[in-house]
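One structure is given here, and the rest of the page talks about it.
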Amino acid sequence: MKKIITFGTFDVFHAGHVKILERAKSLGDYLIVGVSSDELNFSKKQRYPIYSQADRLHIVESLRCVDTVFVEESLELKAQYIKMFNADVLVMGDDWKGKFDHFSDICDVHYFERTPSISTTEIIEVVRSSVFEK
Ligand code: CTP
Numbered sequence: 073m074k075k076i077i078t079f080g081t082f083d084v085f086h087a088g089h090v091k092i093l094e095r096a097k098s099l100g101d102y103l104i105v106g107v108s109s110d111e112l113n114f115s116k117k118q119r120y121p122i123y124s125q126a127d128r129l130h131i132v133e134s135l136r137c138v139d140t141v142f143v144e145e146s147l148e149l150k151a152q153y154i155k156m157f158n159a160d161v162l163v164m165g166d167d168w169k170g171k172f173d174h175f176s177d178i179c180d181v182h183y184f185e186r187t188p189s190i191s192t193t194e195i196i197e198v199v200r201s202s203v204f205e206k
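In structure tokens:
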């Protein structure tokens with residue numbers, strides 16, 4: 073059985089998220105998704121996600137293409153997670169292109185093109201500006 077692993081925040085879940093997860097699953101038989109913790113997001117962006125960690129896990133876990141979810145507590149633990157789940161392929165969006173090539177000694181590394189014109193940050197900005205316009 074070929075196992076695929078990928079990581080992300082998946083806050084304010086959108087079509088770009090589902091598309092990368094579906095493409096990831098198409099590379100193998102079993103898809104494992106590391107959903108970053110609220111604290112990890114705070115340390116990266118100095119703000120908490122809009123959706124709680126529990127809700128983000130719940131949404132991702134409910135997708136037909138996803139087999140297992142877990143909480144990604146630290147960016148430095150990626151190699152451990154890959155080994156722990158015995159993953160054959162690491163999938164990342166091409167916003168990370170080249171940044172994870174060093175994992176090719178423990179698994180294949182595959183970057184998918186991001187879906188154009190959508191991101192969580194953009195959705196938050198659109199909603200925020202429409203609230204302030206009123
Ligand atoms: N992703 C994608 N296409 C998009 C947005 C995200 O393929 N338009 C992918 C990312 O490359 C990543 C995964 O979805 O592999 C999770 O991305 P995440 O950072 O949670 O979503 P973003 O919308 O990029 O969030 P932000 O705007 O906060 O960076």
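Heads up: the sequence shown runs through residues 73 to 206, numbered per the numbering used here. Just so it is clear, CB atoms sit at the ideal spot from N, CA and C, and this is done for glycine as well.
From this set, Phe-142, Glu-194, Phe-157, which residue's C-alpha is nearest Gly-88's C-alpha? Glu-194
Per DSSP, cross-strand counterpart(s) of Tyr-102: Lys-75
Using 8 Å as the threshold, is the C-beta distance between Arg-186 and Gly-165 below it? yes
Among Leu-135, Ser-189, His-174, which one has its Cα closest to the Cα of His-182? His-174
I need the DSSP call for Val-181, collapsed to helix, strand or coil. strand
Helix, strand or coil at Val-138 according to DSSP, with G and I counted as helix: coil
Where Gly-170 sits in the DSSP three-state scheme: coil
Between the Cα of Ser-146 and those of Lys-97, Asp-167, Ser-115, spot the shortest distance and give me the residue it belongs to. Ser-115
Whole angstroms are fine: how far does the CA of Trp-168 sit from the CA of Ser-109? 19 Å
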